[in-house]
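To start, the structure under review is shown below, and the notes come after it.
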Amino acid sequence: MLAAALFAVSVPLNAGIYGVPVAAAFLLGVLQCGSILLAVQLPKAAIVTSLIPVVAVPLLAQAVDAPWPWPVAGLIAQCAVLVVIGLRNPWRLSAVAWALSVAASVVVSVAHVDHLGGAITSIILFASISAPLLALAVLLAQRENAREQLHHERQLTAAEQGRRELVEERNRIARELHDVVAHSMSVIQVQATTAPYRLPGMDAATTAEFTDIAASARAAMREMRRLLGVLREDDTSGELAPQPQLSAVPELATSARRAGVPVSLEIENGLTDGTAQVPETTAVAAYRIVQEALSNVIRHAPQAPTAVRIERAADATLGAALHLTIANDAASRSTVAPGVGSDTPPLAATDSGGHGLLGMRERAALLGGHIRFGSTDAGGYTVEAWLPLDAAGIQTAATHPADTASDAESEPS
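Going by the numbering used here, the sequence shown opens with residue 331, and the numbers climb by one from there.
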């Protein structure tokens, strides 16, 4: 639009007032105004093209009483070229374009030494107008570049954070496999290997059976070590610390209370003192689920009254199951975080053993259990999980992880 308007003005201006031949006026008008459009994609070519009218118009002009070597239309067109170059290119190229424009007008002015005073005034006017405009364009371009770089860095940071969280989760799973499953497999292998020596009088068939059990245990241990290597390939310093059990759940409630969340805890007798037989993997998963659920309450619904209940219950799928319920009331508007008390699930806990709700779901699915969570009508949030208490059920789930994961995904969320 600007280029077309300047073309409509510059041609009659150059031909009528400056005495430039009409054909030359049309050609120079096309070059002058076309350079504005050319600057968008070919800045260097635009600089050269725009300088041709800057030199040619004063040389072809028959009258120098009007402002020169910068006619009004030419001054506006050249400023437009410089602004476009400044917005889309490095500042050095913009500075070169401005310097060449000033230098070209100075050189042309020498051709009319007798009117040098008017030329100097015109050149100063051009420089005083174009320089601030170009500086503003360069600053805007640098600001936009900085914004794009910041956005790119944030994307990289988010991706790296996601990768780190994934690696940390894999390392946690590896530690749990090492401490619970690998330990149990080692015990099986040792018991099966030493059985013929500990139990004298064993017949050959029984000895062979124990030998096969020991061999299978050793093979399973090799596969376990391979799996641990895959899970911990990015971790060279993680400690294989013992994992917490149900007896440590009261400490979670105490920590939540210290954070300002009123927590009521109810655990069925026998679950924390070792009376009830709770598989180690189930106990660890239960602890982590409670930990993540309370972490979400602390982060997204501070000061909301929360009830934690752990009990044994019968489940249609699992049979004997460990039933977990973590339910918080609605938080006040002054403390609730966005998404809490609505259908939007809370964000992942930052200090627990998984990635928020996804981590809870995966832990339950790994054991063959299932979990569901969602908002209540009163604006609170409830997490319910069922974990197997039957070691055979856990073994079946480990044998068919895809099926159990599918079952967990089918639970309402």
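Don't be surprised by glycine CBs; every beta carbon is placed ideally from N, CA and C.
Around the CB of glutamine 519, 16 or more other CB atoms lie within 10 Å, so the residue is classed as buried. Leucine 486 and proline 342 have their C-alpha atoms some 55 angstroms from each other. The segment 614-622 makes contact with the segment 693-709; the number of CB pairs closer than 8 angstroms reaches 3 or more.
Linking proline 373 to alanine 476 through their CA atoms gives a straight-line distance of about 21 angstroms. Using a C-beta cut-off of 8 angstroms, the segment 409-426 makes contact with the segment 458-465, since at least three inter-stretch Cβ pairs fall below that distance. Distance from alanine 660 to glycine 709 at the Cβ level is roughly 3 angstroms; contact confirmed, criterion being Cβ atoms closer than 8 angstroms.
If you look at isoleucine 382, you'll find it in the alpha helix (DSSP H) that goes 373-390.
Pairwise C-beta distances place the segment 381-388 in contact with the segment 357-368, as three or more of them are shorter than 8 angstroms. For tyrosine 711, the enclosing beta strand (DSSP E) stretches over residues 711-718. The residue among Ile347, Met515, Tyr527, Leu624 with its C-alpha nearest the C-alpha of serine 546 is Met515. Using a C-beta cut-off of 8 angstroms, the segment 400-410 makes contact with the segment 340-356, since at least three inter-stretch Cβ pairs fall below that distance. Distance check between proline 397 and each of Glu483, Ile454, Met532, Ala646 places Ile454 closest, using alpha-carbon atoms only. For glutamate 641, the pairing in a beta bridge is given by DSSP as His653. Assigned with DSSP and collapsed to three states, isoleucine 597 falls in strand. Around serine 452, the same chain offers Pro397, Trp398, Pro399, Trp400 as residues with beta carbons nearer than 7 angstroms, after the five sequence neighbours per side are excluded.
In the DSSP assignment, glycine 704 falls within the unbroken beta strand (DSSP E) covering 700-705. Burial of serine 435 is indicated by the presence of at least 16 other C-beta atoms within 10 angstroms of its C-beta. For threonine 584, the enclosing alpha helix (DSSP H) begins and ends at 579-588.
Burial check for proline 718: the Cβ neighbour count within 10 Å reaches 16 or more, so the residue is buried. Using a Cβ distance threshold of 9 angstroms, leucine 417 and tyrosine 348 do not count as a contacting pair.
Look at asparagine 658 here: in three-state DSSP terms it is strand.
Distance from the Cα of glutamate 641 is smallest, within the candidate group Gln479, Glu596, Gln371, for Glu596.
Sequence-distant Cβ neighbours of alanine 578 in its own chain, meaning closer than 8 angstroms and more than five residues away, are Tyr617.
With the rule of 3 Cβ pairs closer than 8 angstroms, the segment 631-640 counts as touching the segment 584-595. Here threonine 602 carries a coil assignment [DSSP, helix/strand/coil]. The straight-line gap separating the alpha-carbon atoms of valine 426 and arginine 500 is approximately 55 angstroms.
A distance of 9 angstroms or more separates the beta carbons of alanine 525 and arginine 555. In this model, phenylalanine 703 and leucine 480 are separated by some 37 angstroms (Cα to Cα). For leucine 507, no alpha helix (DSSP H) segment is defined, and its DSSP state is neither H nor E. For valine 620, the enclosing alpha helix (DSSP H) begins and ends at 610-630.
The beta-carbon distance between valine 713 and alanine 586, rounded to whole angstroms, is 14 angstroms. This is too long to meet the 8 angstroms contact definition. According to DSSP, threonine 636 shares a beta bridge with Val593, Asn658. The beta carbon of serine 431 sits closer than 6 angstroms to the beta carbons of Gln408 from its chain, once the five residues preceding and following it are set aside; these are given in chain order. Judged by DSSP in its simplified three-state form, glutamine 491 adopts helix.
Between the C-alpha atoms of threonine 379 and alanine 369 there is a straight-line separation of about 10 angstroms.
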